[in-house]
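Listed in order, the protein sequences are those of chains A and B.
Per this note's numbering, the first sequence runs over residues 1 to 144.
Per this note's numbering, the second sequence runs over residues 1 to 144.
Even glycine gets a Cβ: it sits at the ideal position worked out from N, Cα and C.
The block underneath contains the structure these notes are about, expressed in structure tokens.
Number of protein chains: 2
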Amino acid sequence: MQISSRFTIAVHMIICIEAFKDTHKVTSEFIASSVNVNPVVIRRLLQQLKKAGIVEVKRGSGGADIARPLDEITLLDVYNAVESVDNGVLFHFHENPNQLCPVGRNIHAIMDSRLQEIQTAMEAKMRAMTLSEIMEDANRLLEL
Amino acid sequence: MQISSRFTIAVHMIICIEAFKDTHKVTSEFIASSVNVNPVVIRRLLQQLKKAGIVEVKRGSGGADIARPLDEITLLDVYNAVESVDNGVLFHFHENPNQLCPVGRNIHAIMDSRLQEIQTAMEAKMRAMTLSEIMEDANRLLEL
DNA sequence: ATCGTTGTAATCTTCTTTGATACATCCATA
DNA sequence: TATGGATGTATCAAAGAAGATTACAACGAT
């Protein structure tokens, strides 16, 4: 199973908003064309990023902007904003292990802390990557 | 999106096989009862673990065994054995970014190495956890 | 008042996971 | 060597998630 494309789309969106902020009105339609998905998908993600305080979206006149400094937005912020399923628990545990079996009764006690540790390692890596670094790389590649 | 329960089920299975090896014939039916899923789900996973050289399964007479020392089986081995989707790539990337847009054209160059780095951090953590450590914890909890 | 845009609901398709049934194949052993 | 308990695997169904698409009310600058 994979982490859904919402995450990579969201990062793509933020890069677009920042890269084109001076030259275009960055609407859901505009972003959708760069990402190559339906504009409604973009608007839904914009709402999630807005709730997380990452972007601002203007009704009426239209267009999206970054809501706070890029070095205060980490990949983990973006991930949590758009990928929030089941309270952010990465591993899906089988639902009803048999409590009458010693293993079934203790499987959570055995595994939960380890699964959490793995998830934490991944999140720490994401927290260490800011959109500001990513934008520096992007600007080097985008000769606009 | 979450990592499927196949992973936690597979670990549960291995613990069962090891914990009951001296007292029971550990059949798919037996394991299914502990995990509380359909026996066919267990058999399918047993096949995947077998292909990975983690367990041995006896036809005819029935029963499963661990195929190699527990300290040579890591959580990453188990994860890769049962969770192998899309060549083990964790993040699903949106399929067709617009090549006519500078951002769409470069999004992979910008993100691929970072996504890989995150995945690698997670895998490193899983590689550091062996079934032998897990079994030690399990044995402490299972007064059989 | 108009027009372009956002916010959001509703529906549809596709894909993946898991559950379940069925049955051919296998193998120890009686 | 026939049998009975298991495995190996095909097939289908059910449920859930993701994403595509259409539709339209609400908004706000002009």
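- Residue 119 of chain B and residue 80 of chain B have their C-alpha atoms spaced approximately 13 Å apart.
- For the pair residue 14 of chain B and residue 4 of chain A, the Cα-to-Cα distance works out to about 29 Å.
- With 16 or more other CB atoms across the displayed protein chains lying within 10 angstroms of its CB, residue 104 of chain A is buried.
- DSSP places residue 130 of chain B within a strand segment (E or B) once states are collapsed to three.
- Using a Cβ-Cβ cut-off of 8 Å, residue 98 of chain B counts as an interface residue toward chain A, since at least one Cβ of chain A sits closer than that to its own.
- Per DSSP, residue 32 of chain A has no beta bridge partner at all.
- When CB distances to chain B are screened at a threshold of 7 Å, the residues of the stretch 18-30 of chain A falling below it are 19, in chain order.
- Taking a C-beta distance under 8 Å as the contact criterion, residue 123 of chain A and residue 76 of chain A qualify as a contact pair.
- The way I'd put it, the stretch 33-49 of chain A does touch the stretch 95-110 of chain B; three or more beta-carbon pairs between them come closer than 8 Å.
- Judged by DSSP in its simplified three-state form, residue 22 of chain A adopts coil rather than helix or strand.
- For residue 140 of chain A, the closest alpha carbon among the candidates B/107, B/16, B/11 is that of B/107.
- Setting aside the 5 residues that flank it on each side, residue 71 of chain A is surrounded in the same chain by 130, 132, each with a C-beta closer than 7 Å to its C-beta; the list follows chain order.
- Ranked by how close their Cα comes to the Cα of residue 116 of chain B, the residues B/23, B/18, B/91, B/26 have B/91 in first place.
- Beta-bridge partners of residue 56 of chain A (DSSP): A/65.
- Listed in chain order, the positions of the stretch 45-78 of chain A with a beta carbon within less than 9 Å of a beta carbon of chain B are 75.
- When the Cα atoms are used, residue 48 of chain B and residue 16 of chain B turn out to be separated by approximately 17 Å.
- If you draw a straight line from the Cα of residue 25 of chain A to the Cα of residue 68 of chain A, it comes to about 18 Å.
- Excluding the 5 residues flanking it on each side, residue 136 of chain A has no same chain C-beta neighbour closer than 7 Å.
- Residue 18 of chain A is classed as buried because its beta carbon has at least 16 other beta carbons within 10 Å across all chains shown.
- Within chain A, the C-beta atoms nearer than 7 Å to that of residue 118 of chain B come from 122, 125, 126, in chain order.
- Annotation: the continuous alpha helix (DSSP H) that includes residue 40 of chain A extends over 39-51.
- Residues of the stretch 129-142 of chain B with a C-beta less than 7 Å from any C-beta of chain A: 129, 134, 137, 138, 141, 142, listed in chain order.
- Going by DSSP, residue 80 of chain A is part of the alpha helix (DSSP H) stretching over 75-82.
- Taking 8 Å as the upper bound for CB-CB distance, residue 121 of chain A and residue 121 of chain B are in contact here, some 5 Å apart.
- Within chain A, 94, 95, 96, 97, 98, 104 have C-beta atoms less than 8 Å from the C-beta of residue 36 of chain B, given in sequence order.
- Not a single CB atom of chain B sits nearer than 8 Å to the CB of residue 82 of chain A.
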